[in-house]
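Counting with my numbering, you get residues 264 to 636 for the letters of the sequence shown.
Cβ coordinates follow ideal geometry from the N, Cα and C atoms, glycine included.
Let me begin by presenting the structure, written as C-alpha cells, before commenting on it.
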Amino acid sequence: MDVLALYDELGIKKHVMVTSMMWEGIADIFGAPNMPASVPGLFNGVDNRMDYYGRAVNFLKVTFSKWWLNSMKEAGEAAAKKSLGRNIDFAKIMSQASFVITSGDPLLDFPRPITEKFVNIGGISVPPPMPLDAYWEKVVTERKATVLLSFGSVAQSYTMPKEMKKAILETFKRFPEVTFIWKYENDKDEVAKSYPNVVTNKWVPQNDLLNHPNLKLFITHAGMNSISEVSRRGVPVITIPLFADQHRNAAQVKRLGTATVMEKTDLFSSDKFETQLKETLENPSYRMNAVRLSQMMAKWSKNQREQFVKYVQFAGEFGHLPEYSIPEVSFVQYYMLDILVPFFVAILSVILLVPYLIYKCLAKVVAKKVKTA
264 MDVLALYDEL
274 GIKKHVMVTS
284 MMWEGIADIF
294 GAPNMPASVP
304 GLFNGVDNRM
314 DYYGRAVNFL
324 KVTFSKWWLN
334 SMKEAGEAAA
344 KKSLGRNIDF
354 AKIMSQASFV
364 ITSGDPLLDF
374 PRPITEKFVN
384 IGGISVPPPM
394 PLDAYWEKVV
404 TERKATVLLS
414 FGSVAQSYTM
424 PKEMKKAILE
434 TFKRFPEVTF
444 IWKYENDKDE
454 VAKSYPNVVT
464 NKWVPQNDLL
474 NHPNLKLFIT
484 HAGMNSISEV
494 SRRGVPVITI
504 PLFADQHRNA
514 AQVKRLGTAT
524 VMEKTDLFSS
534 DKFETQLKET
544 LENPSYRMNA
554 VRLSQMMAKW
564 SKNQREQFVK
574 YVQFAGEFGH
584 LPEYSIPEVS
594 FVQYYMLDIL
604 VPFFVAILSV
614 ILLVPYLIYK
624 CLAKVVAKKV
634 KTA
C-alpha cells in the first residue's frame with residue numbers, strides 16, 4: 264500500500280486499482296455496501312444463508328477486515344509523511360481510481376451489490392488446457408479413475424506432520440482401483456514408495472489434468488486460482504482450506520453443490536478422509552453440479568485479457584470518472600436516520616397525541632354534564 268505515496272509524489276492522476284480480492288474496506292471507499300447479514304466476509308468460510316450466530320461472527324470478521332486494511336493504510340500514510348514530509352490521504356487516492364479490477368468471478372462468488380466502478384476478470388489466469396504428454400497420459404489412464412491432490416505453491420506437502428502423511432497414504436490404499444496423483448515437493452522422501460496407486464511429483468500440469476475425462480476428483484486447498492481452474496473443468500472437489508481467503512473460496516463452491524469441505528485436522532484420520540472421498544466420488548450430484556457450472560462458465564466467460572486491456576485504456580483516456588462515483592455521505596445520511604427518526608417521531612407523536620386529545624375532549628364533556636346535572 265505504500266506505493267500509493269508515489270501517485271502523489273509523481274502527480275499520477277489516471278490509474279486503476281487491481282486487487283485479487285474484494286476487501287470490505289475498499290468496497291466502503293467506492294460506495295459498494297457491505298452486507299454482513301448476507302455477504303460472507305473475506306476471511307469467513309460460511310454460506311450466505313447465516314443464522315444468528317453466523318451473522319454475529321461474520322459481522323466481527325468484516326469489522327476486523329476493515330480495521331486491518333485501515334491499519335495498513337495508516338502505517339503507509341505515516342511512512343509517507345516521514346519520507347516526504349507531508350500528509351497524504353491514501354483513501355482519497357484510492358477513491359480516484361477509474362475502476363477497481365478484481366479476480367472475482369460472478370458465477371462463483373456470493374451475490375453482493377457493487378457499482379459500475381468494479382470490474383471482475385475472474386479466470387484471467389486460467390490458460391486453455393493442453394493435451395497431456397505421454398507420461399501423464401499413462402498415469403491418468405492406468406486405472407478406472409484418477410484423483411489429484413495439490414495444496415498449491417505456498418503450502419508444501421512435504422512439510423506436513425508424518426502422522427498426517429501416513430493417514431493420507433493409508434486412505435489412498437483403501438481405493439486400489441483409483442490412481443492418486445499427489446503434488447509432493449520433495450522427491451527424496453519417496454513417501455509413496457510402498458503405495459502402487461499413488462504417484463508423487465513436485466510439479467503437476469494441474470489445469471491439463473483437470474481437463475482429462477478420467478480425472479474424477481480434485482482435492483485442493485481452495486486457492487482462488489485452483490478454484491477458477493476446476494470450476495471450468497467440470498470436476499468435483501474436496502476443499503481443505505488452510506488460510507486467508509481459502510475458507511471463503513471453499514464455502515463458495517460448497518454452496519454451488521460442486522464441493523465438500525474438510526478441516527485440515529481431519530487429515531490425521533484415515534476414516535474421516537475415506538468417508539469424505541467416498542461421499543464426493545460416489546454421490547453423482549457433485550459431478551452433475553460441477554459439469555453444469557463448467558457449462559455455465561463456458562457460456563458466460565468473456566476474453567478477460569481483452570476486457571482488462573479495454574478498461575485500462577479507457578481509464579488512461581478518461582481518467583478519474585467522478586460522475587460515476589457514489590457521493591460521500593455520513594453514517595446518519597447513509598442509513599436515512601435524519602429522515603427516519605423525525606418520521607417515526609412524528610408518527611409516534613400522532614399516535615400518542617390523538618388518544619390524549621380524545622381523552623381531554625371526553626373529560627370536558629363529562630365535566631359539563633356533571634355541572635348541568
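In the DSSP assignment, W445 forms a beta bridge with L412, T463. Just measuring C-alpha positions, the residue of R555, K627, A522 sitting nearest K541 is A522. Between the alpha carbons of P618 and A609 lies a distance of about 15 Å. Secondary structure note for V524: its beta strand (DSSP E) is the uninterrupted segment 522-524.
One thing to note: F353 has its Cβ no nearer than 7 Å to the Cβ of K329. In this structure, the alpha-carbon of N307 lies about 44 Å from that of I614.
For N350, no alpha helix (DSSP H) encloses it, and the DSSP letter there is neither H nor E. Annotation: the continuous alpha helix (DSSP H) that includes T543 extends over 533-545. According to DSSP, L371 shares a beta bridge with no other residue. Per DSSP, K479 is one residue of the beta strand (DSSP E) stretching across 478-483.
A contact is defined here as three or more CB-CB pairs under 8 Å, and the region 443-460 fails this definition with respect to the region 376-387.
Burial of K380 is indicated by the presence of at least 16 other C-beta atoms within 10 angstroms of its C-beta. DSSP places N383 in the uninterrupted beta strand (DSSP E) bounded by 381-383.
Taking the Cα of L480 as reference, the smallest distance to any Cα among L332, K436, T502, Y315 is reached at T502. In the DSSP secondary-structure assignment, T502 is bridged to T483, V524.
Contact check for Y458 against L432 passes: the beta carbons are separated by less than 7 Å.
Here DSSP, grouped into helix, strand and coil, assigns M559 to helix. Per DSSP, I364 lies in no alpha helix (DSSP H) segment; the continuous beta strand (DSSP E) that holds it begins and ends at 363-365. In the structure shown, M280 adopts extended strand secondary structure according to DSSP, grouped into three states.
The DSSP-derived three-state label of E453 is coil. For P303, the three-state secondary structure derived from DSSP is coil. D508 is positioned such that its CB atom lies closer than 7 Å to that of M284.
I431: member of the alpha helix (DSSP H) spanning 425-436, first to last residue. In this structure, G386 places its C-beta atom within 7 Å of the C-beta atom of Q567. Restricting attention to K456, K277, F435, I482, the CA atom closest to the CA of E526 is found in I482. Put simply, the backbone Cα of D271 is about 28 Å away from that of Q570.
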